[in-house]
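Report on one structure; see the data block that follows.
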């Protein structure tokens, strides 16, 4: 063998050994000096460059694929009773443990598919609904689901009532537009001039005429009837109600095991006793901290202020029967445990995210610049496709970001027109307009309310709290909703107008004396805290004697203060129950928030007329015109500061899959669709 051929063999071996040894993407250069015969003699230096081995693909795997950790920053659960719960923290638990007759068709917020009802019929006149209850479904305690359980669950909710609960959604549908509580029916049957006389007054209702109590209950029984033998539940409405199916799909449509609920101390199903259970609170309901559903997860425990734990249901009926939750969706949970942990401090949540100790994390908008460098997959909402379009932007970064999705929620600042000072109230200072406090009726003066609107800086709020990803809201509806006016009447930040209105307030007493009171928000919600800080700073800029103090309260205490109407002004939010303008008009103008704000009767009556007309109108054009009128009134009376609607941002590790976006649901409302590598 010639020396030249020998060199080629050696060089080939060197290259091959280099390829085998290489485990890094960088180029490796081998320089070899050999003696070869060349014309005229001498030696020649040969440079051999090895081709690098391809890089190993980056994979993302959790150290604990059996447990999902949802680290929330604010909003501990108020109650686990689905007939009472009316906030998103509770929904995230209830919608995984309990089930409803129908559910949303995946990401579609207006289409529905069967759940505990395998089918349903609606009469031509829209008044009668017949639901065919699915067979072979068992509760977590092993009891079989029956039509009587379904009827009991919905009857109990309506009769339990209370204006702080979501039951107005059913009461209005069954009894007619503008009827929001079962106590109103009792008052009407009893012939009371004021049909609201017993609303939110449990003791008073228990003293109502026995025949009126019995008749009201029997009406509910007739409107929601069942036939166990036929496997059906029938609803009889007093008027056609388009949002009926969507109302059933949410957490307040959850179905209970009647025998289990009664054993826990809930209503026994007898019309002779229902009044004893009317108006119970989120704290006093016997189902506050116990659960027994039919869903993919079972309740393990809830430690208020700390954590809630769910475990996978090994006997879930969808798994057993092979019925996906929607076409192409899962039949049940694949992750064994869900730990929902309350961690109020952002630095701790961020450290958990960095360490891989969290799967879902609440990220305030003001902190996204810390998290965005960790994003390796960017998923942008595609309006046309109504879905996300994803691309890899960094192979090695651990997070996936879903961004740009439209939201159906908003945060506002609410004025209390008749502040509750019974027994003393530390939030109002001296309780007088003397510079050291405010009187209970401080916000009844429209000039005060307008001044606070003019003193709010929406641009600063959107930039600081929403990272620029939001739009100022015009009126009480949200952008895109039927009747929303993007160019309608609205307030803008105007310090001069703020000062002018303050000079007019209370015949000049506000301008002369100043004021001091506290604004409340729930601890851990930095967005809401920012709203308060903007108001605080801008009012002080007008004059230091306009003194607003800010107080953060734990979520249960915050809710209790709102319900008691003790906070003079509070920052809170609303996520729609059903995708319809009535679900914004009713709560804000006459229902939930109007009650909490204690709006004056004459103002609510004016709002009520338009709210009723809006939901009863038969064409979109008629409805839109009515909602325009209501927007003009909302601007004129300024009962609140309507803030801004943000687009969505959801961060997840790239080892989480199965997420889809339905604007009705909160981030955790469908844990069972998620998988974890």
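In this note's numbering, the protein residues as written are 231 to 907.
From the three backbone atoms N, C-alpha and C, an ideal C-beta is built for every residue, glycine too.
Cβ-based neighbour list, residue i, same chain, cut-off 6 Å, excluding 5 preceding and 5 following
i           : result
residue 432 : 508 and 509
residue 744 : 665, 775 and 776
residue 427 : 417
residue 624 : 606
residue 891 : 337 and 635
residue 364 : 346 and 348
residue 908 : What the structure shows of the chain is the stretch from 231 to 907, and residue 908 is not part of that stretch, so it cannot be assessed.
residue 453 : 404 and 466
residue 291 : 885 and 907
Rounded separation between residue i and residue j - CA only
i           : j           : result
residue 893 : residue 821 : 22 Å
residue 799 : residue 693 : 23 Å
residue 555 : residue 597 : 35 Å
residue 622 : residue 690 : 32 Å
residue 325 : residue 534 : 19 Å
residue 348 : residue 366 : 11 Å
residue 823 : residue 643 : 11 Å
residue 842 : residue 408 : 6 Å
residue 332 : residue 521 : 20 Å
residue 852 : residue 406 : 19 Å
residue 511 : residue 901 : 28 Å
residue 716 : residue 709 : 7 Å
residue 301 : residue 319 : 12 Å
residue 479 : residue 806 : 13 Å
residue 825 : residue 648 : 11 Å
residue 673 : residue 688 : 21 Å
residue 436 : residue 353 : 37 Å
residue 756 : residue 467 : 43 Å
residue 557 : residue 295 : 25 Å
residue 549 : residue 561 : 5 Å
residue 339 : residue 737 : 49 Å
residue 446 : residue 392 : 15 Å
residue 926 : residue 380 : As displayed, the chain neither begins before 231 nor continues past 907, which places residue 926 out of reach and without an answer.
residue 581 : residue 629 : 14 Å
residue 889 : residue 881 : 11 Å
residue 815 : residue 513 : 28 Å
residue 657 : residue 646 : 12 Å
residue 459 : residue 545 : 25 Å
residue 860 : residue 895 : 27 Å
Close beta carbons around residue i, own chain, < 8 Å, minus the five adjacent residues each side
i           : result
residue 382 : 486, 488, 491 and 499
residue 502 : 444
residue 571 : 299, 300, 301, 302, 536 and 537
Nearest-angstrom Cβ-Cβ length linking residue i and residue j, presumed shorter than 8 Å
i           : j           : result
residue 317 : residue 308 : 5 Å
residue 632 : residue 878 : 7 Å
residue 395 : residue 313 : 7 Å
residue 864 : residue 885 : Between residue 885 and residue 864 the Cβ distance is about 46 Å, and since that is not below 8 Å, they are no contact.
residue 335 : residue 341 : 4 Å
residue 389 : residue 477 : Actually they do not touch by this definition, with Cβ atoms about 17 Å apart.
residue 526 : residue 810 : At roughly 28 Å, the Cβ-Cβ gap does not stay under 8 Å, so residue 526 and residue 810 are not in contact.
residue 564 : residue 375 : Contact doesn't hold; Cβ gap of about 24 Å is too wide.
Environment of residue i [buried if 16+ CB atoms lie within 10 Å]
i           : result
residue 573 : buried
residue 321 : buried
residue 827 : buried
residue 603 : exposed
residue 221 : Because the chain in this structure spans residues 231 to 907, residue 221 falls outside the shown range and cannot be described.
residue 609 : buried
residue 728 : buried
residue 254 : Note that residue 254 scores a pLDDT of 43, beneath 50, so its modelled location is shaky and nothing firm can be said.
residue 481 : buried
residue 251 : Residue confidence for residue 251 is low, a pLDDT of 39 falling below 50, so the modelled location carries little weight and cannot support an answer.
residue 505 : buried
residue 835 : exposed
residue 845 : buried
residue 402 : buried
Proximal residues to residue i (C-beta, below 7 Å), its chain only, five neighbours per side dropped
i           : result
residue 734 : 677
residue 439 : 420
residue 515 : 309, 311 and 314
residue 457 : 377
residue 813 : 806 and 807
residue 838 : 408 and 820
Residue i: CB within 7 Å of a non-hydrogen atom of the ligand ATP
i           : result
residue 687 : Only the bare structure without any ligand can be found here, which leaves the ligand ATP out of the picture.
Stretch pair the stretch 458-469 + the stretch 344-360: three plus CB contacts closer than 8 Å:
yes
Measuring CB atoms only, is the stretch 788-803 touching the stretch 709-723, in the sense that at least three cross pairs come out at less than 8 Å?
no
Give a yes or no on contact between the stretch 865-875 and the stretch 528-544, applying the rule of three or more CB pairs nearer than 8 Å.
no
Quick check: the stretch 763-773 against the stretch 696-710, are there 3 or more CB pairs under 8 Å?
no
The stretch 745-752 / the stretch 654-668 touching (three or more Cβ pairs under 8 Å)
With contact defined as three or more Cβ pairs closer than 8 Å, the stretch 745-752 and the stretch 654-668 are in contact.
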